[in-house]
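Heads up: the sequence shown begins at 6 in our numbering, then just goes up one per residue. All C-beta atoms in this analysis are idealised placements derived from N, C-alpha and C, irrespective of residue type, glycine included. Take a look at the structure set out below.
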Amino acid sequence: MADPRQAAPGPTAAEYLRLAMLAPDTETRARLATTGLAQPEVDAETRFLLLRQLYLARFTERQYRGALELTARMLETGELLDLAHHDAARALQALGELPGAVAAQRLAAESAPTGRRSFHYWGLATLEHFAGDVDGALASLSVGLRWSRRDRPLLRAHAAYIRLDAGRAAPALAGTVASLQRAKCREGYGQFLLGMLAWHMGDQPRAVLHLRAFLTRNANVDEAKAATLREELRRARVTLALAGGLD
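Set out below in structure tokens:
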């Protein structure tokens with residue numbers, strides 16, 4: 006018979022991970038993740054995921070340097086390397102270190118499994134565009150398109166926007182816009198692209214419609230997403246002001 010005085014085993018690292026993912030606030034999330042990491046037996050994948058919960062807590066608290074340092078520990082686990090590099094890119098972008106963000110996101114794209122390559126090359130193109138490397142951005146989108154499935158209209162529209170923003174011609178623009186409007190991926194980031202394309206096409210009412218929808222959708226997003234979309238949100242507001250669409 007078991008000794009009733011013997012203490013029951015405490016939560017495992019995996020159980021702390023589950024609790025951290027359900028945490029109601031960043032302080033609790035960080036505390037649970039830290040406690041999970043201190044458990045005696047933590048496999049590599051669980052360690053990565055606990056570190057990522059801690060990363061998200063630091064990022065939400067705008068402790069971007071601390072978040073960036075955590076990505077180095079995430080990489081040491083050898084698990085999900087593309088996500089660790091992507092998280093490093095997000096932290097560097099939030100810190101205003103765009104060249105470093107581009108380099109980290111390129112590593113994310115190069116180490117990604119096939120199912121995430123399109124996403125990572127799209128993210129790389131976005132950073133390259135904002136860094137002023139138009140040719141690099143278009144090349145990255147071209148690679149992303151080769152791996153994309155459901156988001157092809159989005160990537161094509163993004164390439165058209167980059168060309169127009171750089172003062173270049175965008176072939177088959179009307180068809181590109183129509184394709185995105187019919188696609189499920191038109192929501193969210195698609196609204197930003199549809200709005201910016203409409204602006205460049207001289208359709209101010211449609212630009213206002215889409216950019217307002219984009220800003221409304223992202224009015225109350227968490228800090229991690231807000232930091233990632235900071236430049237898009239700024240461009241949307243500037244364009245709306247020029248179009249007379251800001252209330």
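Below 8 Å on the Cβ atoms is my contact criterion, and I expect residue i with residue j to pass it. Report the Cβ-Cβ distance as a whole number of Å.
i, j, result
"Trp127", "Leu160", "6 Å"
"Tyr69", "Ala96", "5 Å"
"Leu198", "Tyr166", "5 Å"
"Leu234", "Asn223", "6 Å"
"Ser116", "Asp87", "5 Å"
"Ala43", "Arg34", "That pair is no contact at about 15 Å."
"Ala164", "Leu143", "6 Å"
Where does the unbroken alpha helix (DSSP H) through residue i begin, and where does it stop?
i, result
"Ala203", "Tyr194 to His205"
"Pro158", "Arg157 to Asp170"
"Ala106", "Leu103 to Ser116"
"Gly180", "Leu178 to Arg187"
"Gly3", "The requested residue 3 does not occur in the structure, where the chain is confined to residues 6 to 252."
"Leu143", "Val139 to Trp152"
"Val226", "Taken as a continuous stretch (DSSP letters only), Val226 belongs to no alpha helix (DSSP H), as it is neither H nor E."
"Leu247", "Arg235 to Ala248"
"Ala93", "Leu86 to Ala99"
"Ala37", "It should be noted that the sequence gives Leu, not Ala, for residue 37. Where Leu37 is concerned, the enclosing alpha helix (DSSP H) stretches over Thr31 to Leu42."
"Leu73", "Tyr69 to Glu81"
"Ala62", "Ala49 to Thr65"
"Ala28", "Neither: Ala28 is in no alpha helix (DSSP H) and is coded neither H nor E."
Tell me which same chain residues have a C-beta within less than 7 Å of the C-beta of residue i, skipping the five on either side of it?
i, result
"Leu75", "Leu56, Leu59, Tyr60 and Arg63"
"Phe219", "Gln196, Phe197, Gly200 and Ala241"
"Ser145", "Tyr126, Leu129, Ala130 and Glu133"
"Arg23", "none"
"Ala171", "Val139"
"Phe53", "Met79, Thr82, Glu84 and Leu85"
Using only alpha-carbon positions, find the residue among the options that is nearest to residue i.
i, options, result
"Leu207", "Ala218, Ala188 and Leu247", "The sequence given here has Gly at residue 207, not Leu. It is Leu247."
"Pro45", "Val107, Glu66, Ala18 and Glu102", "Ala18"
"Ala212", "Thr244, Ala231, Gln186 and Ala188", "Thr244"
"Gly249", "His125, Pro210, Asp87 and Pro16", "Pro210"
"Gly193", "Lys230, Ala164, Leu178 and Leu103", "Lys230"
"Gly15", "Thr40, Arg34 and Pro29", "Thr40"
"Arg155", "Gly180, Ser184 and Val139", "Ser184"
"Lys189", "Leu103, Glu115, Arg78 and Arg157", "Arg157"
"Thr119", "Ser153, Val182 and Thr31", "Ser153"
"Leu132", "Val107, Arg151 and Ser145", "Val107"
"Asp48", "Leu238, Thr82 and Ala35", "Thr82"
"Ala174", "Leu202, Arg191 and Arg151", "Leu202"
"Thr51", "Arg121, Glu84 and His163", "Glu84"
"Thr3", "Leu54, Arg67 and Phe53", "Residue numbering for the chain in the displayed model covers 6 to 252; residue 3 lies beyond these limits and cannot be assessed."
"Ala5", "Arg217, Ala179 and Glu102", "What is shown of the chain runs 6 to 252, which leaves residue 5 out entirely."
Can you check whether the C-beta of residue i is within less than 8 Å of a C-beta belonging to chain D?
i, result
"Leu202", "The structure shown contains no chain D, having only a single protein chain."
Give every residue of the same chain whose Cβ lies closer than 8 Å to the Cβ of residue i, excluding the five residues on either side of it in the sequence, and list them in chain order.
i, result
"Leu73", "Ala93, Ala96, Leu97 and Leu100"
"Asp227", "Thr65"
"Pro104", "Ala136"
"Glu236", "Phe135"
"Ala162", "Thr181, Val182, Ser184, Leu185, Gly195, Leu198, Leu199 and Leu202"
"Gln110", "His90, His91, Ala94, His125, Gly128, Leu129 and Leu132"
Give every residue of the same chain whose Cβ lies closer than 6 Å to the Cβ of residue i, excluding the five residues on either side of it in the sequence, and list them in chain order.
i, result
"Met6", "No answer about Met6 holds up, because its pLDDT of 47 lies below 50 and its placement is not dependable."
"Gly149", "Ser123, Tyr126, Trp127 and Leu160"
"Tyr21", "Leu37, Thr40 and Gly41"
"Ala113", "Asp87, His90, His91 and His125"
"Trp204", "Ala212 and Thr244"
Using 7 Å as the cut-off, classify the Cβ of residue i as near or not near the heavy atoms of the ligand GTP, replying yes or no.
i, result
"Trp204", "Among the components of this structure there are no ligands whatsoever, and the ligand GTP is therefore not found."
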